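This report refers to the structure that appears directly beneath it.
Protein chains in written order, with our numbering: chain A, 1 to 513; chain B, 1 to 400.
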């Protein structure tokens, strides 16, 4: 086989985007994926007459027309074509416990609509909310400056021109809300997105939270017409047009090095393929502890970092194909965040084990955005809860199914009780994915779907500021949910794109950083 | 002027981001990090890439054989994957120059798997290339590679009713035998009324075993239906809508396993009963045979042979003939090309391949592709029939 400039291990979102961009930049790229199709978590599966998305609920910052967002522009620039449909509202947030509903609010998309709603339900928060949007703008300018200096920041410029950027980067989302003087109610509502961050509101970075909320509120959310599988295949197809090669059902069994640098991989059939660089969509601990041929090359700091980190959410999803249309089920919303408490810290604590007393249930009905996603007269929905610790560490083969069903059963009961949906009598297809399922398809430790947890010391701010400072083995790059911009579709696509430029620099520079 | 909404947050905190990150990292262990946890290990146990087994027992039945397969530690399989009653395994076979797979429902119980044992029934089919080979060549000690347990023909308490009507034809009894054993041993929790159709009393498979299970466990009820023979103690005829209504109040879940012809018949009968779709489940029946339903395709392509170009993930390009009345997968297997497949019915997606050029026909009954795959040209070769010369890529892209 030929020698490559770049071998990408794993065709998840990060790997695909890196492969596509690197090919567009003229590098010779090979992607090796151990499954028979691309996407990792960005995939779909068919049961009976339903096709379920394995993971995607919505993507921010896609936009269209004048409000084309950053991700939309990235797709345009790379020539990736995929049909996306807008989602009407941002979310409905319902907080109810023991029959007492303490919150029920539907948030729209669009800055004007958001401000109108705030002026109606939290009139005293109008200024704080305007400041919230301004904070985003301030942060973004700071980020742009930060990015433009390629690490050589002038502290004077930063201090004089981007003081708010500096402040925001040091804050948690919760601290930002409080500092802006938001009322408790307004804080509660804005906290609804916390599960998308994988950590409670006082741990999640203000920077990342601002970016996400702004992305959703201002540019709206989009979903592909034909599941995230279409996104993955579209990116792959574009990469192929640009000269990229893909091998499926092949696994990288060794990362090979020479003179302290990455030089190739060994595949499971014994074949050795040479390369100048590797972008690993597989976790650093897998590369360091399992794949690497020369273990002494790993800088101790990188080992310590891998050990210091905690994993992000391990998801549990129930996929339902129902034999009645949404209106008959009682569904009115695309996304419902259903929670027993407004306190994200409490829910995170209770989510360390399988049977916590509190929960946050994320309910998504695709038909509300893509009416023809399932046959006429049917509905498909995904219910998701997440664990903040290795909650499946003690489950055995024999108990596995029973455990899955027990949790799914409880989720359906909770949803029916709180929202009044009629689900049970309409179940035509049901599939349940646990952290074990995600571990199977993503290969992630503990079945994490969110990479490493966004802890205070390891959130977007800290990863971004230190990016380019923490070096691993020359020629080795990490992309995906465990990469520099944290997890989720938008972050993994954009960080995968960025990594391709760094890789090009490395390859074209003849293997110098 | 900058707005002053964040002024009480000291700018200096920014300078602390890097040092506090470093501090935490430097305090952590420098050992090589763990990368596999229970979730990862369990995923591998439940879904092994391949299972090496050895035939440990062969029992002759009427027109069929019962094979007991045990884990083969010599080849690296120490334990067999646990499964759900109703699932199948896919056997990898090399017959002459052909490389092929065949799915067989597990007829043993899930708990038996934990003891390192699976059982399958292989009925010798008329002109059955693989079944004939297996039944003549598989002996105690024969080593084979099989897939992880697969398939969705399983009881799901969140969806199915407590009472289930099983409809079995011939060797379609296999998954029901597993269901019945699972109920008796307590791994499944439902009541099974089984309508088991055979041609004659003599052809009934596992008659004694079913009787024994029925006597042992009050939740299993077996009704034999003979089509070619009238005999006391047996129902005569086919498993009709009338017979189904006799044992069911139309609210029960119905599970069906048998041949393609039987499915066509049962589909008509259950339509008469007006059963909603969610209540009736058909097992994947293996290779699709073209029938009157496919008359339009057959009319245009009967007896034609096209050229199939195949690129595999080892970078090799093959050119093989494909007959119009056989799924593309069969042409690949006959040519000795190692092509992935499992269910051979269109539903598992294991054989998903890129159709680079040419046209294929996919019978409606086997259409289980993802929406986008249909748009951009992926096919399931196990149930795709060539309409022209075709070129496909298996498990690779951009390798031309």
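We put the CB at the ideal spot given by N, CA and C, even for glycine.
All values reported here derive from a predicted model rather than from experimental measurement.
Nearest-angstrom beta carbon gap, residue j and residue i [assumed within contact, 8 Å]
i, j, result
"residue 289 (chain A)", "residue 33 (chain B)", "6 Å"
"residue 13 (chain A)", "residue 450 (chain A)", "About 12 Å separates the two Cβ atoms, so there is no contact after all."
"residue 202 (chain B)", "residue 62 (chain B)", "6 Å"
"residue 9 (chain B)", "residue 171 (chain A)", "7 Å"
"residue 202 (chain A)", "residue 345 (chain A)", "6 Å"
"residue 46 (chain A)", "residue 344 (chain B)", "Contact flag wrong, Cβ pair sits at about 16 Å."
"residue 42 (chain A)", "residue 232 (chain A)", "5 Å"
"residue 53 (chain B)", "residue 71 (chain B)", "6 Å"
"residue 198 (chain B)", "residue 226 (chain B)", "6 Å"
"residue 393 (chain B)", "residue 311 (chain B)", "5 Å"
"residue 442 (chain A)", "residue 235 (chain A)", "About 17 Å separates the two Cβ atoms, so there is no contact after all."
"residue 324 (chain B)", "residue 386 (chain B)", "6 Å"
"residue 287 (chain A)", "residue 280 (chain A)", "5 Å"
"residue 69 (chain B)", "residue 118 (chain B)", "5 Å"
Burial state of residue i, where buried means 16 or more other Cβ atoms lie within 10 Å
i, result
"residue 395 (chain B)", "buried"
"residue 355 (chain A)", "exposed"
"residue 223 (chain A)", "buried"
"residue 272 (chain A)", "exposed"
"residue 149 (chain A)", "exposed"
"residue 165 (chain B)", "buried"
"residue 515 (chain A)", "The requested residue 515 (chain A) does not occur in the structure, where chain A is confined to residues 1 to 513."
"residue 197 (chain A)", "buried"
"residue 497 (chain A)", "buried"
"residue 245 (chain B)", "exposed"
"residue 252 (chain B)", "buried"
"residue 406 (chain A)", "exposed"
"residue 379 (chain A)", "buried"
"residue 500 (chain A)", "buried"
Where residue i meets chain A, residues with beta-carbon distance less than 8 Å
i, result
"residue 114 (chain B)", "397 and 398"
"residue 395 (chain B)", "36, 247, 248, 249 and 250"
"residue 88 (chain B)", "Going along chain A, no residue has its Cβ under 8 Å from residue 88 (chain B), so there is no contact; the nearest lies around 16 Å."
"residue 158 (chain B)", "405, 408, 409, 412, 424, 427 and 430"
"residue 106 (chain B)", "Here the premise fails: no neighbours, minimum Cβ distance about 15 Å."
Proximal residues to residue i (C-beta, below 8 Å), its chain only, five neighbours per side dropped
i, result
"residue 132 (chain B)", "124 and 125"
"residue 240 (chain B)", "269"
"residue 436 (chain A)", "392, 395, 400 and 447"
Chain-ordered chain B contacts of residue i [CB-CB under 7 Å]
i, result
"residue 439 (chain A)", "39, 40 and 43"
"residue 180 (chain A)", "5"
"residue 159 (chain A)", "11"
"residue 401 (chain A)", "84"
Residue i: contacting residues in chain A (beta-carbon distance under 9 Å)
i, result
"residue 250 (chain B)", "Within 9 Å Cβ-Cβ: nothing; residue 250 (chain B) doesn't reach chain A, min ~15 Å."
"residue 118 (chain B)", "Under the 9 Å cutoff, chain A gives no residues; its nearest Cβ is about 15 Å from residue 118 (chain B)."
"residue 46 (chain B)", "397, 400, 436 and 440"
Beta-carbon proximity list for residue i, same chain, < 6 Å, skipping 5 on both sides
i, result
"residue 331 (chain B)", "308, 320 and 322"
"residue 105 (chain B)", "88, 174 and 175"
"residue 495 (chain A)", "483, 484 and 485"
"residue 382 (chain A)", "317, 319 and 364"
"residue 247 (chain A)", "32"
Residues that residue i contacts on chain B, provided the C-beta gap is smaller than 8 Å
i, result
"residue 514 (chain A)", "In the structure displayed, chain A extends from 1 to 513; residue 514 (chain A) sits before or after that span and is not available."
"residue 534 (chain A)", "Absent from the model: residue 534 (chain A). The displayed extent of chain A is 1 to 513, so no value can be given."
Contacts around residue i, its chain only, beta-carbon distance under 7 Å, and the 5 residues preceding and following it disregarded
i, result
"residue 162 (chain B)", "190 and 191"
"residue 366 (chain B)", "288, 345, 346 and 383"
"residue 91 (chain B)", "101, 102, 104, 144 and 146"
"residue 24 (chain A)", "78 and 242"
"residue 1 (chain B)", "Low local confidence applies: a pLDDT of 37 at residue 1 (chain B) is under 50, so the model's placement there is unreliable, with the coordinate-based value given in what follows. For residue 1 (chain B), where only same-chain residues beyond five positions count, there are no Cβ hits under 7 Å."
Chain A residues whose Cβ lies nearer than 7 Å to that of residue i
i, result
"residue 82 (chain B)", "397 and 398"
"residue 276 (chain B)", "323"
"residue 152 (chain B)", "47"
"residue 24 (chain B)", "308 and 457"
"residue 51 (chain B)", "Neighbours of residue 51 (chain B) on chain A: none; closest Cβ ~14 Å, over 7 Å."
Contact set between residue i and chain B, taken where Cβ atoms lie within less than 9 Å
i, result
"residue 303 (chain A)", "28, 29, 30, 31, 32 and 33"
"residue 9 (chain A)", "None at all; the shortest Cβ gap to chain B is about 14 Å."
Any non-hydrogen atom of the ligand GDP closer than 7 Å to residue i Cβ
i, result
"residue 333 (chain A)", "No copy of the ligand GDP appears in this structure; indeed no ligand is present at all."
Suppose only complete runs of 4+ residues qualify. What are the alpha helix (DSSP H) ranges in the stretch 271-354 of chain A, listed by chain order? Qualifying alpha helix (DSSP H) stretches, in chain order: 300-308, 326-329 and 344-350.
Which ranges would you report for the beta strand (DSSP E) in the stretch 54-100 of chain A if only whole runs of at least 3 residues count? Listed in chain order, the beta strand (DSSP E) elements of length 3 or more contained wholly in the stretch 54-100 of chain A are 84-87 and 89-97.
Any chance you could list the alpha helix (DSSP H) runs of at least 4 consecutive residues sitting entirely within the stretch 309-394 of chain B, in chain order? Fully enclosed alpha helix (DSSP H) runs of 4 or longer: 328-334 and 371-376.
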